[in-house]
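Asks: Pasting in a structure now, in C-alpha cells, and then I'll have a few things to ask.
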Amino acid sequence: MYRELYNKTTTKIMVLGAGCSIVTQPTAQASHHWNLIQLSYSSASPLLSNRNLFPKFFRAFPPETVFNVVKFAMLKHFGWKRVATLHQTIDLFSLPTVAFLDHAEENGIEIITSESFADSPAIQVSNLKKQGARIIIGNFYETKARQVFCQAYKEGMYGKKYVWIITGWYSHQWWLSEDDENRHDCTKEQMAEAVQGYFTTDALPLSLAKEPGVAGITTAQFEAEYKEYVGGEPETLSGYQEAPYGFDSVWTIALALQEAETRLQDLVPPKTIANFSYDDDEMAKIFFEVINATNFEGVSGPVQFTYDGDRKGLMQVEQNQDGAEVRVGIYHPTAEDENKLRWTNDPRIVWQGGKPPADSILEEELPQTISQDLFIGMAILAAAGIVLAIGFLAFNVRFRNRRFIKMSSPKINNLILLGGMLMYVSIFFNGLDTSRVPFDSYVWMCKANTWCLGIGFSLAFGAMFSKTWRVHKIFTSKTMMKTIIKDYQLYVMVAVLVLIVTLVLVIWEIVDPLQTVVRKAARQQTDDLDVVIIPVHVTCESTWQVYWVGTLICIEGLLLVFGAFLAWETRKVTVPALNDSKYIGMSVYNTVILSFIVVPVSLILDEVNARYVIMSIFNVFATTLTLCLVFVPKLKVRNDIHPKGSMLSTMKSGEEGESDSDKRIRILNDMIQRLQSSLVKKDDIIKELETAGVSGQTKHHRDSADEGINTAGTSQEDPATS
Numbered sequence: 030m031y032r033e034l035y036n037k038t039t040t041k042i043m044v045l046g047a048g049c050s051i052v053t054q055p056t057a058q059a060s061h062h063w064n065l066i067q068l069s070y071s072s073a074s075p076l077l078s079n080r081n082l083f084p085k086f087f088r089a090f091p092p093e094t095v096f097n098v099v100k101f102a103m104l105k106h107f108g109w110k111r112v113a114t115l116h117q118t119i120d121l122f123s124l125p126t127v128a129f130l131d132h133a134e135e136n137g138i139e140i141i142t143s144e145s146f147a148d149s150p151a152i153q154v155s156n157l158k159k160q161g162a163r164i165i166i167g168n169f170y171e172t173k174a175r176q177v178f179c180q181a182y183k184e185g186m187y188g189k190k191y192v193w194i195i196t197g198w199y200s201h202q203w204w205l206s207e208d209d210e211n212r213h214d215c216t217k218e219q220m221a222e223a224v225q226g227y228f229t230t231d232a233l234p235l236s237l238a239k240e241p242g243v244a245g246i247t248t249a250q251f252e253a254e255y256k257e258y259v260g261g262e263p264e265t266l267s268g269y270q271e272a273p274y275g276f277d278s279v280w281t282i283a284l285a286l287q288e289a290e291t292r293l294q295d296l297v298p299p300k301t302i303a304n305f306s307y308d309d310d311e312m313a314k315i316f317f318e319v320i321n322a323t324n325f326e327g328v329s330g331p332v333q334f335t336y337d338g339d340r341k342g343l344m345q346v347e348q349n350q351d352g353a354e355v356r357v358g359i360y361h362p363t364a365e366d367e368n369k370l371r372w373t374n375d376p377r378i379v380w381q382g383g384k385p386p387a388d389s390i391l392e393e394e395l396p397q398t399i400s401q402d403l404f405i406g407m408a409i410l411a412a413a414g415i416v417l418a419i420g421f422l423a424f425n426v427r428f429r430n431r432r433f434i435k436m437s438s439p440k441i442n443n444l445i446l447l448g449g450m451l452m453y454v455s456i457f458f459n460g461l462d463t464s465r466v467p468f469d470s471y472v473w474m475c476k477a478n479t480w481c482l483g484i485g486f487s488l489a490f491g492a493m494f495s496k497t498w499r500v501h502k503i504f505t506s507k508t509m510m511k512t513i514i515k516d517y518q519l520y521v522m523v524a525v526l527v528l529i530v531t532l533v534l535v536i537w538e539i540v541d542p543l544q545t546v547v548r549k550a551a552r553q554q555t556d557d558l559d560v561v562i563i564p565v566h567v568t569c570e571s572t573w574q575v576y577w578v579g580t581l582i583c584i585e586g587l588l589l590v591f592g593a594f595l596a597w598e599t600r601k602v603t604v605p606a607l608n609d610s611k612y613i614g615m616s617v618y619n620t621v622i623l624s625f626i627v628v629p630v631s632l633i634l635d636e637v638n639a640r641y642v643i644m645s646i647f648n649v650f651a652t653t654l655t656l657c658l659v660f661v662p663k664l665k666v667r668n669d670i671h672p673k674g675s676m677l678s679t680m681k682s683g684e685e686g687e688s689d690s691d692k693r694i695r696i697l698n699d700m701i702q703r704l705q706s707s708l709v710k711k712d713d714i715i716k717e718l719e720t721a722g723v724s725g726q727t728k729h730h731r732d733s734a735d736e737g738i739n740t741a742g743t744s745q746e747d748p749a750t751s
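Going by the numbering used here, the first residue of the sequence shown is number 30, and it counts up by one from there.
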C-alpha cells in the first residue's frame with residue numbers, strides 16, 4: 030500500500046483489503062490520512078470497530094465480538110451456566126474474550142476460570158481441568174488450536190462430558206495439518222478423536238435466499254462457478270470460507286462508486302470520481318456516506334454496515350460431526366422474538382453421550398442427619414431410663430424412713446437420680462439435628478446437650494462420691510465420736526462442684542460461644558459421571574472448643590479419680606447401709622473404660638448415625654448401670670429393715686440437730702468402744718485369777734466374766750443387724 034500511495038502516476042480512490050486483521054489494522058490507521066475508504070473482506074479483530082482509530086474503515090465480515098451473542102444464546106438454550114474461557118494473547122482474541130467476560134454476569138453465566146497463553150497452551154489446558162471446566166469458549170488461531178486439542182486429548186478433556194466452542198473460520202479439517210512452528214505430538218487419529226463434536230460460531234458465508242442477488246446469480250450458481258474456476262477441491266484452499274465475502278466486497282465498492290458518481294454530478298460545479306485527490310475532503314465524505322448506506326442482497330446474505338463499519342448479517346453455529354463441520358443452527362440478529370437462535374432439524378446436533386453434558390460436575394449436597402428410626406429408638410431408651418430414675422426416686426421417697434434407706438442419705442441419693450435424668454435428657458438434645466429443628470435453633474440444642482451432660486455428670490457422681498467421702502472421713506478419723514458430717518455439708522460439696530462446671534460453661538458461652546458450622550465431606554462418585562454426592566454435616570463448634578471440652582473432661586476426670594480413691598479407701602467398711610464403695614468402684618471402672626473407648630471413636634467417626642448410636646448407648650448404659658448399682662441393693666433389703674429399733678432410743682435429746690446418718694454412725698461407734706472396753710476389763714480379771722492359782726475362784730470369776738460379757742453384749746443391738 031505504501032508503494033501504491035506514493036505512486037505519482039495513479040490516484041487510488043478506495044482500498045480493498047486486507048484479509049488478516051494484523052495487516053488491516055496498521056493500513057487502516059494510515060489510509061484515512063489520504064481520505065481513502067478501506068473495506069476488508071475477512072478481518073475480524075474487534076479493535077477495527079474503533080472509529081477514533083479507523084475513521085474510514087468498513088468490513089464485509091463481522092467482528093469476533095458479534096459472535097458473543099450467539100455463544101450466549103447457545104449457553105442459555107442448553108442451560109449451561111458455568112463456563113471457562115481460553116484465548117491467545119493477541120487483540121484479535123483478547124478483545125472478544127474480554128467482551129464476553131464483561132457481559133457474562135448479565136447473561137447469568139459464571140466464569141469458572143479465564144486462561145490465556147502466548148505460546149504453549151499446555152499449562153492453561155491443565156488448569157481448565159483442575160478447575161472442573163466442562164464448557165470451554167476458545168479463541169485462538171488454528172495453529173494454536175492443534176496444540177490446544179492435543180493437550181486436551183492428553184488431559185481427557187474431550188468426549189461426552191466436554192463441549193468446546195471455538196472460532197469458525199479455520200481451514201477445512203484444520204486439525205490434520207502440520208506446521209513447523211507449532212508442532213504437537215498427537216497422532217492424526219488422536220486429534221480426530223479430540224476434536225469430535227466441537228462447535229463453531231461464524232458469519233453465515235452463503236445467503237439462504239434462493240433468488241438471484243445483486244450480481245444476478247443465486248448462491249448455488251456462485252458456488253458452482255467458483256468451484257469451476259479454482260478446480261479440484263476448493264474446500265481445502267485457504268480462505269475458501271471467505272470467498273463469498275470477497276465477492277460481495279467487490280460489489281460493495283462498485284455500487285458505492287456508482288452511487289457516488291451520481292451524487293458528484295449534482296455538485297456545483299459537477300465532479301466525477303476521476304477528479305478525486307487525496308486532499309479532497311468533500312468527495313471523501315460522499316464516499317463514506319454512500320458506503321455506510323449500502324444495502325443489497327449478496328451471495329453472503331444481506332450486506333449492511335453499522336455506524337462502526339461492521340457488517341450486519343446472519344450468523345451460524347456449526348458442529349464437527351465425523352470430520353465435517355455441518356450447520357446446526359442459524360442466528361437471526363434482527364428477529365423480533367427472543368428465539369433468535371434457530372436450530373436445524375437436518376442435520377441435528379449429535380451428542381456423544383446422547384444428551385447435552387452438564388456444565389460442571391453436579392454437586393448434590395446430602396445432609397448427614399440422624400435417621401428417624403434411630404432417633405426414636407434412642408429416645409425410647411432414654412425415656413425408659415428416665416422412667417427408671419423416677420421409679421428409684423419414688424422408692425427413695427416412699428421408704429426414706431426405713432433404717433437402711435435413712436442411713437444411705439436419701440436426700441443425696443435424690444441428687445444422683447437428678448443427675449442421671451439430666452444425662453438421659455441429653456440424648457434427646459443430641460438427636461435433635463437440622464432435620465428436626467430449624468437451622469437457627471440447632472445451636473441451642475447443642476448448648477442444651479453440653480449443659481445437660483456437664484451438670485448431670487457433676488450432680489450424679491459428685492453426690493455419690495460425697496457420700497463415700499463422709500464414710501471415709503468418719504472411719505479414718507482418730508476421734509470418730511467427734512467426727513460429725515451433716516447432709517448440708519455434702520450439699521455444699523456437690524454445689525461447689527456443679528458451680529465450677531457451670532462457671533466453665535458460662536465463661537465458654539460468653540467468651541467463645543458455640544456456633545453452627547456446615548462441614549462438607551469428600552465427594553462421593555455416583556453412577557452418573559456428571560453427578561457427585563457431597564455429604565454435608567451441620568455441627569456446633571467454637572474457636573477454642575477443644576480447650577473448653579478439655580477443661581470439662583479434666584474436672585470430671587479428677588472427680589472420677591477422687592471417687593475411685595474413696596471407694597478403695599472405704600472398701601473394708603462393713604456397714605452396707607453406709608458404704609457403697611463396692612458399687613461406686615464398679616461404676617467408676619465401667620465409666621472410665623467406656624470413656625476411653627467411646628470418646629476417641631466418637632471423635633474419629635464421621636458417620637453421624639454411628640456416632641449418635643455409640644454415644645447414646647454409652648450414655649444409657651453407663652447411667653443405668655450406675656443407678657442400678659446404687660439403688661438395686663436397697664430394693665432387695667427394703668423389707669428386712671425395721672422402721673424403728675432400740676438404736677433410736679439411745680439418741681439424746683441434745684442431738685436433734687444431727688442428721689439420721691450421723692446419729693447412727695455415732696451410736697455405732699459408741700457401741701463398738703464400749704464393747705471393746707468391757708472385753709479388756711474381763712481379760713484383765715481372767716489374767717489376775719490365773720496368776721493367783723485359785724481354780725475354783727477362777728471358775729467362779731470365769732462364769733461371772735461370761736455373764737458380764739453376755740450382759741454387755743445384749744445391752745445394745747448387735748451392730749451387725751444395724
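Glycine included, every Cβ here is placed at the ideal spot set by N, Cα and C.
For clarity, every value in this text was computed on a predicted model and none was experimentally measured.
1) What ranges does the beta strand (DSSP E) occupy inside the region 506-568, keeping only unbroken runs of at least 3 residues that lie completely in it?
2) To which residues of the same chain is A244 closer than 8 Å at the C-beta, ignoring the five residues directly before and after it?
3) Let's test the definition: count the other Cβ atoms within 10 Å of the Cβ of R548 and tell me whether it reaches 16, buried, or not, exposed.
4) From Y191 to D231, what does the alpha carbon distance come to, in whole angstroms?
5) Since D231 sits in a beta bridge, which residues does DSSP pair it with?
6) Identify which residue in L34, T463, A550 has its Cα closest to the Cα of D635.
7) To the nearest angstrom, report how far apart A477 and A181 are at their CA atoms.
8) Would you identify the three-state DSSP class for S333, choosing helix, strand or coil?
9) Taking its Cβ as the centre, do 16 or more other Cβ atoms sit within 10 Å of Q287, making it buried, or is it exposed?
10) Select from P241, V99, N459 the residue whose C-alpha is nearest the C-alpha of K369.
11) Please report the straight-line C-alpha distance between A353 and I194, rounded to a whole angstrom.
12) Which residues in the same chain as Q176 place their Cβ atom closer than 7 Å to its Cβ, once the five residues preceding and following it in sequence are excluded?
13) Taking a contact to mean a Cβ-Cβ separation below 8 Å, would you say M450 touches L482 in this structure?
14) Anyone know if the C-beta pair for S236 and G167 falls short of 8 Å?
15) List the residues that DSSP assigns as beta-bridge partners of I445.
16) Who are the Cβ neighbours of A47 in its own chain at under 8 Å, not counting the five residues just before and after it?
17) Would you kindly work out how many angstroms separate the C-alpha atoms of N739 and D699, rounded to a whole number?
18) Could you have a look at G383 and say whether DSSP puts it in helix, strand or coil?
19) Using the three-state DSSP reduction, which class does T463 fall into: helix, strand or coil?
20) Would you call the region 613-622 and the region 556-574 in contact, with 3 or more CB pairs under 8 Å?
21) Pairs of beta-carbons, one from the region 376-389 and one from the region 106-116, closer than 8 Å: are there three or more?
22) Helix, strand or coil: how does DSSP classify F490 here?
23) Do three or more CB pairs link the region 79-98 to the region 337-345 at distances below 8 Å?
24) Can you list, in chain order, the residues of its chain whose CB lies under 6 Å from that of Q67, leaving out five sequence neighbours each side?
25) Rounded to the nearest angstrom, what separates F468 and M474 at their Cα positions?
26) Can you tell me the Cα-Cα spacing of I536 and L581, whole angstroms?
27) Just checking my contact of I752 with L157 at CB under 8 Å: how many whole Å lie between their CB atoms?
28) Would you call F316 buried or exposed, if buried means 16 or more other Cβ atoms sit within 10 Å of its Cβ?
29) Go through its chain and collect everything with a Cβ distance to A498's Cβ below 7 Å, but skip five positions before and after it.
30) Going along the chain, which unbroken runs of the alpha helix (DSSP H) with 4 or more residues stay wholly within the region 274-319?
31) Mapping DSSP to helix, strand and coil, what is N425?
32) Looking only at its own chain, which residues have a Cβ that is under 7 Å from the Cβ of N36, when we skip the five neighbours before and after it?
33) Using a Cβ-Cβ cut-off of 8 Å (strictly less than) and excluding sequence neighbours within five positions of I415, which residues of its own chain qualify?
34) Skipping 5 residues on each side, what residues in its chain have a beta carbon closer than 8 Å to that of T752?
35) Three or more beta-carbon pairs under 8 Å between the region 648-664 and the region 434-446, yes or no?
36) In whole angstroms, give me the CA-to-CA distance for E33 and I51.
Replies: With the given structure in hand:
1) 544-549
2) F251, F276, W280, G327, V328
3) Of the residues assessed, R548 falls on the exposed side of the cut-off, its CB having fewer than 16 other CB atoms within 10 angstroms.
4) 21 Å
5) Q345
6) Out of L34, T463, A550, A550 has the C-alpha closest to the C-alpha of D635.
7) 55 Å
8) This sequence places Gln at residue 333; Ser is not what is there. The answer is strand: DSSP assigns Q333 an E or B state.
9) Counting Cβ neighbours within 10 Å, Q287 comes out exposed, since fewer than 16 surround it.
10) Considering only alpha carbons, the answer is V99.
11) It is roughly 15 Å from the alpha-carbon of A353 to the alpha-carbon of I194.
12) Taken in chain order, the residues that qualify are S149, P150, N211, H213.
13) no
14) no
15) Bridge partners of I445: none, in fact.
16) Within the same chain, Cβ atoms closer than 8 Å to the Cβ of A47 are found at T53, T56, S69, S72, the five residues on either side in sequence being excluded.
17) For N739, the predicted model reports a pLDDT of 43, less than 50, meaning its position is unreliable; a value from the coordinates is still stated below. C-alpha separation (whole angstroms): 18 Å.
18) Correct three-state label for G383: coil.
19) coil
20) Between the region 613-622 and the region 556-574 there are fewer than three C-beta pairs closer than 8 Å, too few to call the two in contact.
21) yes
22) The DSSP-derived three-state label of F490 is helix.
23) yes
24) V44, A57, S60, F86
25) 10 Å
26) 12 Å
27) Because the chain is modelled from 30 through 751, residue 752 falls outside the range shown and cannot be assessed.
28) buried
29) Checking the sequence, you will find Trp at residue 498 rather than Ala. Excluding positions up to five away in sequence, the list reads L595.
30) The qualifying runs do not exist here; there are none.
31) Here DSSP, grouped into helix, strand and coil, assigns N425 to helix.
32) none
33) M450, Y453, V454
34) Residue 752 is absent from the structure shown; the chain starts at 30 and stops at 751.
35) yes
36) 19 Å
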